[in-house]
Amino acid sequence: MSKDNHENAPEAVKTNFIHQEIDKDLAENKNGGVVLTRFPPEPNGYLHIGHAKSICLNFSLAQKYGGGCNLRFDDTNPVKEDVEYVDSIQEDVKWLGFNWEGEARYASDYFDQLYLWAVKLIKNGKAYVDDQSAEQIAAQKGTPTEPGTESPFRNRTVEENLDLFERMKAGEFAAGEKVLRAKIDMASSNMHMRDPLMYRIIHKDHHRTGDKWCIYPMYDFAHGQEDFIEGVTHSICTLEFEVHRPLYNWFLDQILDGDEELQSKVRPRQIEFARLNLNYTVMSKRKLLELVQKGIVAGWDDPRMPTVSGLRRRGYTPESIRNFADKVGVARRDGVIDVALLESCIREDLNKKAPRVNAVVDPVKLIITNYPEGKVEMVDVINNPEDETQGSRQLPFSREVYIEREDFMEEPPKKFFRLGPGREVRLKGGYAVTCTDYKKNESTGEIEEIYCTYDPETKSGATTVDRKIKGILHWVSVEHAVDAEIRMYDRLYNHEAPSSQKDTDHLDFINPESLKIITAKIEPSLKEVKPLDKFQFQRVGYFCVDKDSTSDKLIFNRTVALKDSWSKKK
RNA sequence: UGUCCCAUGGUGUAAUUGGCAACACGUCUGAUUUUGGUUCAGAAGAGUCCAGGUUCGAGCCCUGGUGGGACAACCA
Numbered sequence: 037m038s039k040d041n042h043e044n045a046p047e048a049v050k051t052n053f054i055h056q057e058i059d060k061d062l063a064e065n066k067n068g069g070v071v072l073t074r075f076p077p078e079p080n081g082y083l084h085i086g087h088a089k090s091i092c093l094n095f096s097l098a099q100k101y102g103g104g105c106n107l108r109f110d111d112t113n114p115v116k117e118d119v120e121y122v123d124s125i126q127e128d129v130k131w132l133g134f135n136w137e138g139e140a141r142y143a144s145d146y147f148d149q150l151y152l153w154a155v156k157l158i159k160n161g162k163a164y165v166d167d168q169s170a171e172q173i174a175a176q177k178g179t180p181t182e183p184g185t186e187s188p189f190r191n192r193t194v195e196e197n198l199d200l201f202e203r204m205k206a207g208e209f210a211a212g213e214k215v216l217r218a219k220i221d222m223a224s225s226n227m228h229m230r231d232p233l234m235y236r237i238i239h240k241d242h243h244r245t246g247d248k249w250c251i252y253p254m255y256d257f258a259h260g261q262e263d264f265i266e267g268v269t270h271s272i273c274t275l276e277f278e279v280h281r282p283l284y285n286w287f288l289d290q291i292l293d294g295d296e297e298l299q300s301k302v303r304p305r306q307i308e309f310a311r312l313n314l315n316y317t318v319m320s321k322r323k324l325l326e327l328v329q330k331g332i333v334a335g336w337d338d339p340r341m342p343t344v345s346g347l348r349r350r351g352y353t354p355e356s357i358r359n360f361a362d363k364v365g366v367a368r369r370d371g372v373i374d375v376a377l378l379e380s381c382i383r384e385d386l387n388k389k390a391p392r393v394n395a396v397v398d399p400v401k402l403i404i405t406n407y408p409e410g411k412v413e414m415v416d417v418i419n420n421p422e423d424e425t426q427g428s429r430q431l432p433f434s435r436e437v438y439i440e441r442e443d444f445m446e447e448p449p450k451k452f453f454r455l456g457p458g459r460e461v462r463l464k465g466g467y468a469v470t471c472t473d474y475k476k477n478e479s480t481g482e483i484e485e486i487y488c489t490y491d492p493e494t495k496s497g498a499t500t501v502d503r504k505i506k507g508i509l510h511w512v513s514v515e516h517a518v519d520a521e522i523r524m525y526d527r528l529y530n531h532e533a534p535s536s537q538k539d540t541d542h543l544d545f546i547n548p549e550s551l552k553i554i555t556a557k558i559e560p561s562l563k564e565v566k567p568l569d570k571f572q573f574q575r576v577g578y579f580c581v582d583k584d585s586t587s588d589k590l591i592f593n594r595t596v597a598l599k600d601s602w603s604k605k606k
């Protein structure tokens, strides 16, 4: 099933420290040469670009070593989880181009086994039921620099613990009344080893197991065992789980203790890497959820969101995201990636794929005074100079056309080679025109109309004229132009932006101009489009048809602007 | 007053078992171009946090600093 994973990804995958670790394991002939990874999201939100990095990493490891990668929902906390998220996660992983090994797995499928193992720990004197409140337990935990103190319930008999745990499971107690804790070391320098909770009581229906359970395992008591059950060899997670690794291994030791059959199975190994940070971007699910709930964005798939679904709606392609994940690399040090890298990845991909199209985003009328009134001629325009198989199309040209307002200046500076009084430019695919005059609204200062004459000898493709014309403008015939709603996106967060600002509210950095809606004049060939169709608006940027677009109302999302060295010079 | 992790151009990653620091993004030139896009050619920019040590030789090994990060949810 994993054979076709990654087929379009860059073949030269850089080696990283995880490859080196796996190579080492392989050299020692661990796990019989098998490599099985997994992507284990909790279904409590939509996937974002950070998850995409992890997905690409796990699946590309599987593909590099001829192994597989599981998709497993870590659904151990019913209060935060929902099937909506389960569905969106599967959709996003598939969209990114990956196929997991077999069916999707669920931690909840292992609840019975986990329960049995918890009982085993109790029987071995390695776990006990604690009657204290969350506050009391927290107080006894100590601090990173001071040891904790032992619970008064720590030395209950095995029989009593067994009985209590059984009754916890049976629903005899209210939430918070009792928990099951591992008996490790309240003085450990690692806080996670100070008798961590294994099970807590939650009286809430689970999206898969319904009301079967009212006790649920904590992450630490679940994750390593889930990996073990599935035969995962390398459990790749992010750096913040590093301090959990001793516990991960401790629980595995306990369940394997005295069981030769289990000991003969593959033992998973946790390896951590640095999570993705992008400047101007928040990646925390909690904050993203807040943006959705407060209506600051239109939903999880709002094109300004760093979610996979948002990026998809924005016009990003799976290839571009995979390529990005590859370029970002994998390491154990925290860093912040410049969004410019992400943007360059989508430009690179769309440059070869997206057909060029004329669209005037901020139109001003240009009238060709010596062009016959009422005359319309069709001109041939190449669809994509990067890909001649995309052919060409016919565009209506007439006496009045729209051009981009910023393509005309009353007093153009020397380096500006677009239109100005007396200047000549080419209307791409059409004729060369020379500006003879223009009409300006004296009170607003706005240019209302531009008057030009055209040279019939300069029709596109005509070889008779070899004049050098530097300025080439995109245009749309006024008579044939189609209106379209254009959604111009900017960064959701302002320059000072968030990720590192722990003490400030990310909402303080919201950019009020992150979405600007305008009406553009686009060429008539664009009338028939489907959601997610992508185009390069000539000289403007890459745009993607929105899912809400209809034949009556065209809506485009701007994926990313084109590079523009002129505006940079200004 | 703890434990663990990390430290390479502006940013992110590389650097075979120690052998004159490479690639990408970004920046800047120039050329081509019916997109100031693309493409092509080229440039600037780090001597690898600091100080010692081992070695013929250290970004890689050792020691000690410094700086940054993680860890005290009945979250994952």
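Its first residue numbered 37, the first sequence is counted upward by one per residue in our numbering. Even glycine gets a Cβ: it sits at the ideal position worked out from N, Cα and C. Small disclaimer: the values here were computed from a predicted structure and weren't measured.
Whether residue i touches residue j by CB criterion (8 angstroms)
| i | j | result |
| --- | --- | --- |
| GLU379 | VAL596 | yes |
| ALA98 | VAL71 | yes |
| PRO567 | ASP588 | no |
| ILE418 | SER434 | no |
| VAL194 | ILE158 | yes |
| GLN578 | LEU275 | One point to set straight first is that residue 578 is Tyr, not Gln, in the sequence displayed. No; because the gap between Cβ atoms is not below 8 angstroms, this pair is not in contact. |
| LYS570 | ALA395 | no |
| LEU562 | ASN547 | no |
| GLY458 | GLU446 | no |
| CYS488 | LEU402 | yes |
| GLY465 | MET319 | no |
| GLU186 | MET227 | no |
| GLY346 | PRO339 | yes |
| LYS89 | ALA361 | yes |
| VAL461 | GLN574 | no |
| VAL512 | GLU482 | no |
Which listed residue (the options) has its alpha carbon closest to that of residue i
| i | options | result |
| --- | --- | --- |
| ILE404 | GLU413, THR472, THR353 | THR472 |
| ILE522 | GLU171, ALA367, ARG350, TYR235 | ARG350 |
| GLY133 | PHE95, VAL372, GLU485, ARG141 | PHE95 |
| CYS105 | LYS60, PHE452, HIS270, VAL318 | HIS270 |
| THR51 | ARG74, LYS100, SER90, LEU62 | LYS100 |
| LEU324 | THR586, LEU543, PRO76, PRO548 | LEU543 |
| LEU107 | ALA63, ARG459, ASP61, PRO76 | PRO76 |
| ARG454 | PHE201, LYS506, SER496, VAL268 | LYS506 |
| PRO183 | LYS240, SER224, ASP416, ARG190 | SER224 |
| LEU93 | LEU590, ARG340, LYS450, ALA367 | ALA367 |
| ARG217 | GLU478, LYS599, ASP231, LYS321 | ASP231 |
| GLU171 | LEU314, GLY138, LYS214, GLN126 | LYS214 |
| GLU139 | GLN126, PHE147, TRP131, LEU150 | GLN126 |
| PRO448 | ASP263, PRO339, LYS606, LYS557 | LYS606 |
| PHE109 | GLY103, GLY102, GLU120 | GLU120 |
| ALA211 | ILE237, LEU233, LYS363, ASN197 | ILE237 |
| TYR82 | GLU64, LYS321, GLN56 | LYS321 |
Coarse secondary structure for residue i, derived from DSSP in three states
| i | result |
| --- | --- |
| TRP511 | strand |
| ASN41 | Note that ASN41 scores 42 on pLDDT, short of 50, meaning its location in the model is unreliable and no value can be drawn from it. |
| LYS177 | coil |
| PHE189 | coil |
| VAL129 | helix |
| PRO608 | Any question about residue 608 goes unanswered here, given that the chain covers just 37 to 606. |
| ILE272 | strand |
| SER428 | strand |
| GLU47 | With a pLDDT of 41 at GLU47, under the threshold of 50, the modelled position of that residue is not reliable, and the figure given next carries that caveat. Correct three-state label for GLU47: coil. |
| GLU202 | helix |
| ILE332 | coil |
| TYR22 | It is not possible to answer for residue 22, since the shown part of the chain is limited to 37 through 606. |
| ASP600 | coil |
| ALA154 | helix |
| ASN160 | coil |
In chain order, each beta strand (DSSP E) run of at least 3 residues that lies wholly inside the region 61–121: 72–75, 104–109
In chain order, what are the residue ranges of uninterrupted alpha helix (DSSP H) at least 4 long that sit wholly in the region 335–404? 344–350, 354–364, 375–389
Length-filtered (3 minimum) beta strand (DSSP E) runs lying within the region 430–509: Segments of the beta strand (DSSP E) lying fully in the region 430–509: 436–440, 460–463, 468–476, 483–491.
Does the region 162–182 come close enough to the region 294–313 to have 3 or more Cβ pairs within less than 8 angstroms? Flag = no, the region 162–182 and the region 294–313 do not touch.
Can we say the region 247–257 touches the region 279–299, given the rule of at least three CB pairs closer than 8 angstroms? yes
Is the region 174–191 close to the region 141–156, with three or more CB pairs under 8 angstroms? Inter-segment contact for the region 174–191 and the region 141–156 is absent: fewer than three beta-carbon pairs are separated by less than 8 angstroms.
Continuous beta strand (DSSP E) assignments of at least 3 residues falling wholly in the region 289–328: Those beta strand (DSSP E) runs which fall completely within the region 289–328 and span 3+ residues are 305–309.
Three CB pairs or more closer than 8 angstroms across the region 464–482 and the region 548–558: no
Taking only runs that begin and end inside the region 533–579, name each unbroken beta strand (DSSP E) of 3 or more residues, in chain order. 551–558, 570–573
Taking the runs of the beta strand (DSSP E) that are 3 residues or longer, which of them lie wholly in the region 217–277? 233–237, 251–253, 270–274
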